[in-house]
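Its first residue numbered 5, the sequence shown is counted upward by one per residue in the working numbering.
See structure below.
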Amino acid sequence: MSKNQNVRSPRKPQRTKSAVVPPKGHNPRNALTFCAFLAVTLAVVGLVAWAVRSAFSSRRQGQVGGSSVGAVAPLSRLIPSLDSVLTESRLILLGQRPEGDATCITRDLQDGRVVLQGSPAGGIGLRMVAFYNQSAESPLALYRWSQDTLRAFLRAQRKANASVRAEAEKLAAAARDLAATVRAGTPPAVDGGSSLPAWPAECLRRLASSVEAGDAASAGIWADELACATFALADLHRWLNVLLDSHLTSLDFQAQCRTAFEWAGSSAERPREDQDSCLPAAGQMVAWCVNYLEVERQAEGLFGPDRTWIATVGSQDLSNSPAARWMPPDVRRAFLAVRERLLPTTREVWDRAARTPLERSYLANMLFRAASTGTLERMSTVLQRFEQIHQTVTMAELMDVLFYRAGLYSSGFPWSDRYDPRIVNAAGSVTAPKDLAILRAHRLVNSLLKGWENYLGGIPTLAQCLDAGKFDCVRGTDLLGALYRGAGQGGYFVVRLSCGIVGHSVGAVPIDEAGKGGVLIVDCLDSQTPSETWPAAFFHGLSWPVGYPGVKGRLFSAELYARGLDGCVFAEGYVVRGEHAGQWIRAALPYLPGGEEAASAKVFDGPYPE
Numbered sequence: 005m006s007k008n009q010n011v012r013s014p015r016k017p018q019r020t021k022s023a024v025v026p027p028k029g030h031n032p033r034n035a036l037t038f039c040a041f042l043a044v045t046l047a048v049v050g051l052v053a054w055a056v057r058s059a060f061s062s063r064r065q066g067q068v069g070g071s072s073v074g075a076v077a078p079l080s081r082l083i084p085s086l087d088s089v090l091t092e093s094r095l096i097l098l099g100q101r102p103e104g105d106a107t108c109i110t111r112d113l114q115d116g117r118v119v120l121q122g123s124p125a126g127g128i129g130l131r132m133v134a135f136y137n138q139s140a141e142s143p144l145a146l147y148r149w150s151q152d153t154l155r156a157f158l159r160a161q162r163k164a165n166a167s168v169r170a171e172a173e174k175l176a177a178a179a180r181d182l183a184a185t186v187r188a189g190t191p192p193a194v195d196g197g198s199s200l201p202a203w204p205a206e207c208l209r210r211l212a213s214s215v216e217a218g219d220a221a222s223a224g225i226w227a228d229e230l231a232c233a234t235f236a237l238a239d240l241h242r243w244l245n246v247l248l249d250s251h252l253t254s255l256d257f258q259a260q261c262r263t264a265f266e267w268a269g270s271s272a273e274r275p276r277e278d279q280d281s282c283l284p285a286a287g288q289m290v291a292w293c294v295n296y297l298e299v300e301r302q303a304e305g306l307f308g309p310d311r312t313w314i315a316t317v318g319s320q321d322l323s324n325s326p327a328a329r330w331m332p333p334d335v336r337r338a339f340l341a342v343r344e345r346l347l348p349t350t351r352e353v354w355d356r357a358a359r360t361p362l363e364r365s366y367l368a369n370m371l372f373r374a375a376s377t378g379t380l381e382r383m384s385t386v387l388q389r390f391e392q393i394h395q396t397v398t399m400a401e402l403m404d405v406l407f408y409r410a411g412l413y414s415s416g417f418p419w420s421d422r423y424d425p426r427i428v429n430a431a432g433s434v435t436a437p438k439d440l441a442i443l444r445a446h447r448l449v450n451s452l453l454k455g456w457e458n459y460l461g462g463i464p465t466l467a468q469c470l471d472a473g474k475f476d477c478v479r480g481t482d483l484l485g486a487l488y489r490g491a492g493q494g495g496y497f498v499v500r501l502s503c504g505i506v507g508h509s510v511g512a513v514p515i516d517e518a519g520k521g522g523v524l525i526v527d528c529l530d531s532q533t534p535s536e537t538w539p540a541a542f543f544h545g546l547s548w549p550v551g552y553p554g555v556k557g558r559l560f561s562a563e564l565y566a567r568g569l570d571g572c573v574f575a576e577g578y579v580v581r582g583e584h585a586g587q588w589i590r591a592a593l594p595y596l597p598g599g600e601e602a603a604s605a606k607v608f609d610g611p612y613p614e
């Protein structure tokens, strides 16, 4: 996109009142703030290490976990573990936030953007927002800050999370075994309790009360609630690990793209805040932070549950749909409402997703956003289209269809944007087998542009783009994704092309043309029928759409982004130019097919673009 258009684009963290982060100061206080960051990070690591050592010491008398929790006083074994894990977990997920403070997310928009005030003492999301606000200005300084300062910060967060994650998973296994014991008719002995306000602790207290009262039915319900609550807690730590691993892998990729930063530093005609989205792994602040913020948001519910949660558990009969119990109490009604619209085969996968690691928290978020914006009915319509064209239902595709953000960057700041009635209705004409659906969606989006005079950046929502009949590559790629998913297809990726002083976005979908798997690259601005695949489409650089009016720059790298917990995450990268040209790298995203392990290889031996 052109330089002037890029200035107005909402997809990157501009330091203005309408940006994702508050204005960055240029004064000596930045150094003090950075020191505070290091102090908080070291404190987190130190406190967690101390807590873990204390927990292990207290458990030597009777370790929780293993294949079974015996019927002899299992509560007395579980309670010490629960309290210590909750204490450690809260420090990682919510930081030093006081109990009962306001949520870390907001639906309020300023100039079409969400405004967030980060905090070094906040949870993982607020810490990340605040930390990114300390990033450097010039391209090379930004490169060094990312490789040294940011990398050290992310590693410290990952190290602190690792031990807590392991203990949270042990706790979840123990709670699951305890629930099985209760359901088998062997009530545990009650000899203690927890005073913590967290939801798992409340479930344990209710379980103990039910056992003491001799209420077997109630004991079974609260034992199941405890198992689901501890599973949810462990799942947030699993997600945090995935996000940090992907984030660090993107920095490994960035390390191979130093040439882009050097060239941009010598060629740039504008300040860094208008350029960071044009550099490898540097412009993803919005995408990264919304994922971390969603971890923190879900942790808010676990550590400070709404007072309606207890009433919800008591009022809902889930005997015919027990999978709903894996969801937070406030979205169970939404889970059941959508479930009722599904065919039996899809319903089975839907239920399984609710108890599957990583997908559980993702599904809870998608339902929360849809229920909050009154778009559950449109979500159900899209899922019914999915059923019409898929004889075999896979969890990965089913979950991808739900992704409420149409694409990368600021897409989805209005949570209902992707479900605009005009988009949902138009997607009905796109519905077809995968290969045909993406071609139909491409033709539809390209036809809406109606000439380069309608190419315009800085329009924050898809609804406003449709009203104006104007968009750029970012909003066009978002619209492409909204139509494709709205047609009932899953597996949509966004490719971000870094050209030093300009960036470009295109879509990508897996195809199976002539029995050969691949990922088709789809440029909504190009009227030509898509035919090239990832990453070969960029081996020789970038062929811009005919008549493209913006500054073109040089293509240095291509990054493929997939759905994360809330926004997109780095999945793969390919180096186009420079010392490491031809290198490909993949992050571990275990919830995606083929993404179980990280990998890297040289996939092209040249010739490379100059």
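Ideal Cβ placement from N, Cα and C applies to all residues, glycine included.
{"Query": "Please say whether arginine 489 and valine 342 have beta carbons closer to each other than 9 angstroms?", "Result": "no"}
{"Query": "Mapping DSSP to helix, strand and coil, what is glycine 4?", "Result": "Not covered by the structure: residue 4. The range shown for the chain is 5 to 614."}
{"Query": "Our contact map puts tryptophan 226 next to serine 214 with C-beta atoms below 8 angstroms; I'd like the distance itself, whole angstroms only.", "Result": "6 angstroms"}
{"Query": "Taking its Cβ as the centre, do 16 or more other Cβ atoms sit within 10 Å of threonine 190, making it buried, or is it exposed?", "Result": "exposed"}
{"Query": "Within 10 Å of its beta-carbon, does glycine 129 have 16 or more other beta-carbons around it, so buried, or fewer, so exposed?", "Result": "buried"}
{"Query": "Which residue spans inside the region 468–542 form an unbroken beta strand (DSSP E) run of at least 3?", "Result": "497–502, 507–517 and 520–526"}
{"Query": "If you follow the alpha helix (DSSP H) that lysine 174 is part of, which residue opens it and which one closes it?", "Result": "155–187"}
{"Query": "Determine the direct distance from the alpha carbon of glutamine 121 to that of glutamine 258, and round the result to whole angstroms.", "Result": "27 angstroms"}
{"Query": "Hey, leucine 412 and serine 502: beta-carbon distance below 9 angstroms or not?", "Result": "no"}
{"Query": "If valine 449 sits next to leucine 483, beta carbons under 8 angstroms apart, how far is it from one beta carbon to the other, in whole angstroms?", "Result": "5 angstroms"}
{"Query": "Based on Cα-Cα distance, which residue from Ser384, Ala430, Leu95 and Gln151 lies nearest to alanine 125?", "Result": "Leu95"}
{"Query": "Just how far apart, CA to CA, sit proline 26 and glutamine 100?", "Result": "Its pLDDT being 33, under 50, proline 26 is placed unreliably by the model, and the measurement read from it follows with that caveat. Spanning the two alpha carbons is a distance of roughly 21 angstroms."}
{"Query": "Is the distance from the Cβ of arginine 209 to the Cβ of glycine 197 below 9 angstroms?", "Result": "yes"}
{"Query": "CB lysine 474 to CB tyrosine 459, shorter than 9 angstroms?", "Result": "yes"}
{"Query": "Restricting to Cα atoms, I'd like to know which of Ser139, Ala178, Asp256 and Leu306 is closest to leucine 237.", "Result": "Leu306"}
{"Query": "Within the chosen definition, does the region 160–180 reach the region 322–335 through at least 3 CB pairs nearer than 8 angstroms?", "Result": "no"}
{"Query": "Beta-carbon within less than 6 angstroms of valine 186's beta-carbon, same chain only, minus the 5 sequence neighbours each way: which residues are those?", "Result": "Ala223, Gly224 and Ala227"}
{"Query": "Below 8 angstroms on the Cβ atoms is my guess for arginine 356 versus methionine 399; work out the distance and round it to an integer in Å.", "Result": "7 angstroms"}
{"Query": "Using a 10 Å radius around the Cβ and a threshold of 16 neighbouring Cβ atoms, would you call threonine 312 buried or exposed?", "Result": "exposed"}
{"Query": "Is it right to say glutamine 395 is buried, meaning 16 or more other beta carbons lie within 10 angstroms of its own, or is it exposed?", "Result": "exposed"}
{"Query": "Mark glycine 455 as exposed unless 16 or more other C-beta atoms lie within 10 angstroms of its C-beta, in which case mark it buried.", "Result": "exposed"}
{"Query": "Can you name the start and end residues of the alpha helix (DSSP H) that glycine 269 belongs to?", "Result": "262–271"}
{"Query": "On the premise that valine 405 lies in contact with glycine 494, defined as a C-beta separation below 8 angstroms, what is that separation, rounded to the nearest angstrom?", "Result": "4 angstroms"}
{"Query": "In the DSSP assignment, the beta strand (DSSP E) including serine 604 goes from what residue to what residue?", "Result": "603–606"}
{"Query": "Here's a check: name, in chain order, each residue in its chain whose Cβ is nearer than 8 angstroms to the Cβ of aspartate 249, leaving out the five neighbours to either side.", "Result": "Arg162, Ala591, Ala592 and Ala602"}
{"Query": "To the nearest angstrom, how far is it from the Cα of phenylalanine 339 to the Cα of glycine 521?", "Result": "33 angstroms"}
{"Query": "If we count the other Cβ atoms within 10 Å of its Cβ and call it buried at 16 or more, is asparagine 369 buried or exposed?", "Result": "buried"}
{"Query": "Give the range of the beta strand (DSSP E) segment to which tryptophan 588 is assigned.", "Result": "587–590"}
{"Query": "Using 8 angstroms as the Cβ pair cut-off and three pairs as the minimum, do the region 571–584 and the region 253–268 touch?", "Result": "yes"}
{"Query": "Looking only at C-alpha atoms, which of Leu346, Tyr408 and Gln388 sits nearest to serine 376?", "Result": "Tyr408"}
{"Query": "Rounding to the nearest angstrom, what Cα-Cα distance links glycine 480 and isoleucine 427 in this structure?", "Result": "12 angstroms"}
{"Query": "Looking at the secondary structure, which residues open and close the alpha helix (DSSP H) in which glutamate 391 lies?", "Result": "380–393"}
{"Query": "What whole-angstrom Cβ distance do valine 434 and arginine 444 have, given they're in contact under 8 angstroms?", "Result": "5 angstroms"}
{"Query": "Where does alanine 374 land, buried or exposed, given buried means 16+ other C-beta within 10 angstroms?", "Result": "buried"}
{"Query": "Under 9 angstroms between the Cβ atoms of methionine 403 and arginine 567?", "Result": "yes"}
{"Query": "For proline 425, does the count of other Cβ atoms within 10 angstroms reach 16, so buried, or fall short, so exposed?", "Result": "exposed"}
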